[in-house]
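Protein chains in written order, with numbering that gives the first Met the number 0: chain A, 0 to 341; chain B, 0 to 290.
Beta carbons: idealized from backbone N, C-alpha and C, even for Gly.
Note that the coordinates shown come from a computational prediction; the quantities given were computed from them, not determined experimentally.
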Amino acid sequence: MAAGFLEFMLRRVAGFAGVLLVLALMIFVLARVVPGDPARIALGPTASAEQVEQLRDEMGLDDPLPMQFVDFLGGAIRGDFGNSLISGQPVAQEIAALLPATLELVLVTLVIMLTLGVPLGVLAARYRNSAFDAVLRIVSLVGVTMPSFLFAILLQLGAAYWLTDWPILGRLSRDFAGFEGPTGLLVLDGVLTGRFDIAADALRHLAFPAIALAMSGIGQIMRITRSAMIEHRRRDHVQTLRSFGVPARVVTFRYLLKLSAIAPLTIMGLEFASLIGNAFVVEMVFSWGGFASAGLEAILQKDLNTVMAVVLVSGGFFVVANLVIDVVIGLIDPRIRIKESR
Amino acid sequence: MAAIVEEQVEILSARRMAWLRFRANPVAVIGALMVATVVLAAIFAPLIAPFPDHAGAVIDFRNKHAAPDGTYLLGADKVGRDVLSRVIYGFRVSLLLVGGVLAIAVPLGGILGLLAGYFTGWVETLITGFTNVMLAIPPLVMALAVGNVLTPSLTNAMIAIALLWWTWHARLVYRVAKSVAAEDYVEAARLAGASHLHVLCREILPNCIAVISVKTTLDAAFIILFGATLSFLGLGVQPPTPDLGTMVADGRQFLPEHWWGVLAPGFAIFFATLGFNLLGDGLRDMFDVEV
Chain A
0 MAAGFLEFML RRVAGFAGVL LVLALMIFVL ARVVPGDPAR IALGPTASAE
50 QVEQLRDEMG LDDPLPMQFV DFLGGAIRGD FGNSLISGQP VAQEIAALLP
100 ATLELVLVTL VIMLTLGVPL GVLAARYRNS AFDAVLRIVS LVGVTMPSFL
150 FAILLQLGAA YWLTDWPILG RLSRDFAGFE GPTGLLVLDG VLTGRFDIAA
200 DALRHLAFPA IALAMSGIGQ IMRITRSAMI EHRRRDHVQT LRSFGVPARV
250 VTFRYLLKLS AIAPLTIMGL EFASLIGNAF VVEMVFSWGG FASAGLEAIL
300 QKDLNTVMAV VLVSGGFFVV ANLVIDVVIG LIDPRIRIKE SR
Chain B
0 MAAIVEEQVE ILSARRMAWL RFRANPVAVI GALMVATVVL AAIFAPLIAP
50 FPDHAGAVID FRNKHAAPDG TYLLGADKVG RDVLSRVIYG FRVSLLLVGG
100 VLAIAVPLGG ILGLLAGYFT GWVETLITGF TNVMLAIPPL VMALAVGNVL
150 TPSLTNAMIA IALLWWTWHA RLVYRVAKSV AAEDYVEAAR LAGASHLHVL
200 CREILPNCIA VISVKTTLDA AFIILFGATL SFLGLGVQPP TPDLGTMVAD
250 GRQFLPEHWW GVLAPGFAIF FATLGFNLLG DGLRDMFDVE V
């Protein structure tokens, strides 16, 4: 069994490494066909032709393309993406400084998605075709179809008119400016350093962006959980449990939910791609100053080195999230890891 | 009496049954009406819009940020243009984008899906492998990168989105084609000497039409959403063309006082995506397919 699980994981890792490789190739090709010389972008219009030529040489832009790609890939594996064409600072450092802000936002979003989406889905299945179920259907439909920027703006507008104390921009109040903790995740840092006022303030700032980001996912997870619960309820072994007189509560949470968790988890893995995309939007609306905001800025300024790094790191985010989800699913459901390892 | 009822049931064609099922579904009908509203508004924009010239680069500072009233039903924007007129023209841009993306993505994804589902061996491995890799790429991030490399414009937004969108169609058509290809009548057609092309186009493709049309309708919703997000971030249609996402981004600077400049285009996007989504759900129930 252990060997089967190992093989299952190895296959997954290999598959995801392939994904990242193709992604790297695509973004590299894309960056190299761009009209406009990266060295010229870095130095600005006033630089002389010799200066540009010198920088081209330093950046290896005159090498054959396959060699450039190998260099790029080697650097990416070591975490070296070259220097930003705009600020001149190493891209990896800039991204590393901004990553915690995004990571914190995404983690809180995931917690909200799961803690709301799954129980609501269970309830919707339990009270199927009731008024409650109908309301939840509408909520999930709104979540899926409403643009996340509109939802974010509505939250801000609501706060501006009715909840004037609530923070709607940034990660911390001005009173705590300059606070730095060991992890960069402000809520965690606040708790670790015993500054619970900071942790609470950071949580208040997190609430709106995270809710705006979670909306579409909550809807999806709710819908999938509901249909999975309904489907599994009809299965023989569940019927057997019920006929033995096992209480409905135990059947639901101990047996049904475990089975039904697989579908929403899988969806969450796929949803993660759009979650990263929406993070760009939500971070912009709430001036979050994270990795996604920086990526957007880099894209608008044609800072190619940063763009390449942002795309690859986003892909990495997606891949790691799916890997984690695969492990969890494999642990929940042995049938899957046995089937996959064959 | 019973005999008569039975006879009537027999007369109903499959298409008529589907139509009845559709009509009996209030959600689908509402969706269809919403979609019809958007499409008609887009087509007849010059006739419906109160100020058709406000879709262009008109400047009227006297009415800058005019609040919604009798003249400007949804208020005016930062240079005094009627927001309602611009929203109506904005539907045009959204639908053009949808049309453009689907015109590229559906045939491309459909053909690749058909080929992968029908042929086994390396064709299948190659296409499904490539599709899976493409599906793992965060679409918005990639579209932003592509949209940046190409200069932001409607055509380039279409290309950027279509380059990612075909994958979903490929996967879906692959799934259906693969199961249809195993049917006896496909085998029979092959044994009767039908060419690969004939089998693909006449035996397998017709079975995929229902799935493709449901998926395409649902897609319209998400392409509108996706396109609006791109232009909200500044990488879509450029001014003065009225684009709903751009209008939201522009109006955002004047919140919270001049909320109409943001909420009108914002809810217009929501209206369109909701309509296509409801219609797509209705069609799914009608054709009884899984998308």
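In whole angstroms, give me the CA-to-CA distance for residue i and residue j.
i       : j       : result
V18(A)  : I136(B) : 8 Å
V327(A) : G142(A) : 26 Å
V121(A) : T239(A) : 20 Å
T272(B) : F221(B) : 7 Å
R173(A) : R222(A) : 40 Å
M0(B)   : L190(B) : Only weak support exists for where M0(B) lies, its pLDDT of 47 falling under 50; the value from the coordinates is given anyway. Approximately 47 Å between the Cα atoms of the pair.
V134(A) : F207(A) : 22 Å
V318(A) : L232(B) : 25 Å
L84(A)  : I160(B) : 27 Å
V245(A) : L255(A) : 12 Å
G108(B) : L97(A)  : 37 Å
A201(A) : V186(A) : 6 Å
V309(A) : P239(B) : 30 Å
G279(B) : M16(B)  : 18 Å
I275(A) : A13(B)  : 43 Å
L262(B) : V250(A) : 46 Å
G230(B) : L83(B)  : The question names Gly, but residue 230(B) is Ser in the sequence shown. Each residue's alpha carbon lies about 19 Å from the other.
Residues of chain A with CB closer than 9 Å to the CB of residue i, please, in chain order.
i       : result
N276(B) : L140, V143 and T144
T272(B) : V143, T144, M145 and P146
V247(B) : P146, F148, L149 and I152
Contact criterion: CB-CB distance below 8 Å. Does residue i meet it with respect to chain A?
i       : result
L94(B)  : no
N155(B) : no
M285(B) : no
F231(B) : yes
V290(B) : no
I268(B) : yes
R174(B) : no
V85(B)  : A quick correction: the sequence has Arg, not Val, at residue 85(B). No, R85(B) lies away from the interface with chain A (no Cβ there is under 8 Å from its Cβ).
R293(B) : Residue coverage of chain B in this structure runs from 0 to 290, which leaves residue 293(B) outside it and unanswerable.
V261(B) : yes
Can you look up residue i in the DSSP assignment and give me helix, strand or coil?
i       : result
P37(A)  : helix
P118(A) : helix
A16(A)  : helix
A23(B)  : coil
N82(A)  : strand
P89(A)  : strand
M0(B)   : Note that M0(B) scores 47 on pLDDT, short of 50, meaning its location in the model is unreliable and no value can be drawn from it.
A75(B)  : strand
D81(B)  : strand
H197(B) : helix
D287(B) : coil
V57(B)  : coil
R194(A) : coil
N128(A) : coil
M145(A) : coil
F286(A) : One point to set straight first is that residue 286(A) is Ser, not Phe, in the sequence displayed. Coil.
T119(B) : coil
Q67(A)  : helix
Q53(A)  : helix
Which chain B residues are close to residue i, counting only those with a beta carbon under 9 Å from its beta carbon?
i       : result
L22(A)  : V132, A135, I136 and M141
F279(A) : L139, V140, L143, T228 and L232
Would you say residue i lies against chain B (beta-carbon separation less than 8 Å)?
i       : result
I275(A) : yes
L295(A) : yes
I298(A) : yes
V306(A) : yes
Anything in chain A within Cβ reach of residue i, meaning under 7 Å, just list it in chain order.
i       : result
W258(B) : L156
A227(B) : P146
A220(B) : T144
What does residue i reach in chain A if we use C-beta pairs closer than 8 Å?
i       : result
P255(B) : Q155, L156, A159 and Y160
R189(B) : Going along chain A, no residue has its Cβ under 8 Å from R189(B), so there is no contact; the nearest lies around 30 Å.
G281(B) : None at all; the shortest Cβ gap to chain A is about 13 Å.
L224(B) : T144 and P146
Would you mind telling me which residues of chain B sit closer than 8 Å to residue i, beta carbon to beta carbon, in chain order?
i       : result
L29(A)  : A144, V145 and V148
M346(A) : There is no way to answer for residue 346(A), as the model of chain A reaches only from 0 to 341.
Along chain B, which residues have their Cβ under 7 Å away from the Cβ of residue i?
i       : result
F131(A) : Going along chain B, no residue has its Cβ under 7 Å from F131(A), so there is no contact; the nearest lies around 18 Å.
G169(A) : Within chain B, no residue comes near G169(A); the closest Cβ sits about 16 Å away, beyond 7 Å.
F317(A) : A135 and P137
I26(A)  : A144
Entirely within the region 223-255 of chain B and at least 4 residues each: give me those alpha helix (DSSP H) ranges in chain order.
-> Inside the region 223-255 of chain B, DSSP marks whole alpha helix (DSSP H) runs of 4 or more residues at positions 243-250, from first to last along the chain.
Only counting runs of 4 or more residues, tell me where the alpha helix (DSSP H) segments fall wholly within the region 202-270 of chain A, in order along the chain.
-> Fully enclosed alpha helix (DSSP H) runs of 4 or longer: 235-242 and 256-259.
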